[in-house]
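Reminder that position 317 of the sequence shown reads as 319 in my numbering, one-by-one numbering, no gaps. Here the structure is laid out as structure tokens; the discussion comes afterwards.
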Amino acid sequence: MTRMTSLLPLNTFGIEARAAHFTEVTSVDELRRALRRAVPPVLVLGGGSNVLFTQDWPGTVIRNAIRGIEVVRRFKNRVWVRVGSGESWHGFVQWAVGQNLGGAENLSLIPGSVGAAPVQNIGAYGVELKDVFVGLEAVELATGKTRRFSRPACRFGYRDSVFKQTEKGRYCITSVTLSLSTGRHRVHTGYGDIAKTLAEMGVAQPTIADVSTAVIRIRSSKLPDPARIGNCGSFFKNPEVERAVYEKIRLTHPAAPHYDLPDGRVKIPAGWLIEQCGWKGKRVGNTGCHDKQALVLVNHGGATGAEVVALAHAIIGSVENTFGVRLEPEVNIL
Ligand SMILES: Cc1cc2nc3c(=O)[nH]c(=O)nc-3n(C[C@H](O)[C@H](O)[C@H](O)COP(=O)(O)OP(=O)(O)OC[C@H]3O[C@@H](n4cnc5c(N)ncnc54)[C@H](O)[C@@H]3O)c2cc1C
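Dropping the structure here:
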């Protein structure tokens, strides 16, 4: 366990913060030993691609590096794969694509670790983690005891799970088991620009690998690379509102984009709301709103977490004043 460790290289926002105590674990046994010595509060950190540090961490940061990918069950048309939570998510997806295992290809190039994927039920291009999720194992931080969570026990929602609600900060997820198809896999190409990109690639009958390549192309062209400009991807969730709220917005903005939800409510792209309020490309001090993706807040260099939070509050205020819709951060503010 080392003291006063800089977390700057360990968060994609590129925020300077320090951990009073820091350790990295590569196995469940090491994790248990680290927990016995840890000074509370304990923070489990994966790739640091969904956290915004607003202060130094006063306790122990445990960096998760528990690796391993193993096929644990085989069925006629599927396999269950258990993945160590410290594996890179994209690395795992590439492994699956390489084996022609289907289900995770639309989630290509999402940064971060496998263990954080259930925390916010990562999603992209019409697929969410829950669509391939079987179960997970986690170690309780306070006791070191292992607990298994089934899919219902995780209570997955849109960018949400029990690990962001009642069980927040209580567990270290150590492995995740996913179900992938081995037989003829029906690829999902109906979302965003996937079909268009496949057509540009000259692909008529897309394979799992083709869909992954298309998603990687789209994401690389649209999203800012954290290695070049600090960010955490989408800073806010897309708000889900009552239909009456959306209809009111449509009176002044007839072309307001939306997705109808099965429960009758409406999801509005947060990026569109932010753009309408004039924030896209705006710089405030060392932070700002990305010029291509209004939903992405960026660190132009040397930004503090407090500066990013102040910008987020200003955006929340102006979207609420203009549209009567309150944005919620997707990023974990620490
Ligand atoms: C450029 C960019 C694009 C992105 N695109 C998407 C996208 O398309 N869809 C999407 O859903 N997300 C996206 N994200 C957000 C991010 O990639 C995901 O939320 C990812 O799952 C975070 O993984 P991480 O390992 O970096 O988590 P961290 O940032 O390290 O941690 C996030 C939270 O999970 C907790 N946590 C981490 N590991 C564990 C564990 N093993 N057990 C228990 N708790 C844990 C942490 O304590 C923290 O609260 C994007 C981010 C970036 C930078």
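Glycine residues also receive a C-beta, built at the ideal position from the N, C-alpha and C atoms.
Item                                                                                                                                                        : Value
Return yes when the Cβ of V311 is within less than 8 Å of the Cβ of T56, no when it is not.                                                                 : yes
Would you mind giving the Cβ-Cβ distance between S183 and R80, rounded to the nearest angstrom? I have them listed as a contact below 8 Å.                  : 5 Å
Which residue wins for smallest C-alpha separation from G125, given the options Y160, G137, A140 and H92?                                                   : Y160
Using the Cα positions of C291 and Q122, report the straight-line distance between them to the nearest angstrom.                                            : 23 Å
Is C279 near T209, with beta carbons less than 8 Å apart?                                                                                                   : no
Over the uninterrupted alpha helix (DSSP H) stretch that includes T254, give me the two end residues.                                                       : R245 to T254
What's the C-alpha gap between I271 and E309?                                                                                                               : Looking at the sequence shown, residue 271 is not Ile but Pro. Taking the straight line joining both Cα atoms gives about 24 Å.
If you measure from the CB of L297, is any heavy atom of ligand 1 nearer than 7 Å?                                                                          : no
Determine the closest residue to A118 out of K170, S222 and L200, with distance taken between C-alpha atoms.                                                : K170
According to DSSP, which residues form a beta bridge with T148?                                                                                             : V141
Tell me which same chain residues have a C-beta within less than 7 Å of the C-beta of E26, skipping the five on either side of it?                          : R65 and A67
Return the first residue and the last residue of the beta strand (DSSP E) that L9 is part of.                                                               : Element bounds for L9: n/a, residue is neither H nor E.
Exposed or buried, which one is H315 when buried takes at least 16 other CB atoms within 10 Å?                                                              : exposed
Does G319 come out as helix, strand or coil in the three-state DSSP assignment?                                                                             : helix
If you draw a straight line from the alpha carbon of R150 to that of R69, how long is it in whole angstroms?                                                : 18 Å
Apply the 10 Å Cβ neighbour rule to Y261 and answer buried if 16 or more other Cβ atoms are within range, or exposed otherwise.                             : exposed
First and last residue of the beta strand (DSSP E) that includes L182?                                                                                      : Y173 to S183
First and last residue of the alpha helix (DSSP H) that includes T191?                                                                                      : From DSSP, T191 is part of no alpha helix (DSSP H); its letter is neither H nor E.
DSSP three-state call for C156: helix, strand or coil?                                                                                                      : helix
Run the proximity test for R76: is its beta-carbon closer than 7 Å to any non-hydrogen atom belonging to ligand 1?                                          : no
Below 8 Å on the Cβ atoms is my guess for G307 versus L54; work out the distance and round it to an integer in Å.                                           : 5 Å
Go ahead and pull the three-state DSSP assignment for W281.                                                                                                 : coil
What are the start and end residues of the alpha helix (DSSP H) that includes L33?                                                                          : V30 to R39
Are the beta-carbon atoms of E89 and S115 separated by less than 8 Å?                                                                                       : yes
Going by beta carbon distance, what residues of the same chain come within less than 8 Å of Y248, once the five residues before and after it are set aside? : A258, H260, V268 and I270
Flag this pair as yes or no: are the beta carbons of V136 and S181 separated by less than 8 Å?                                                              : yes
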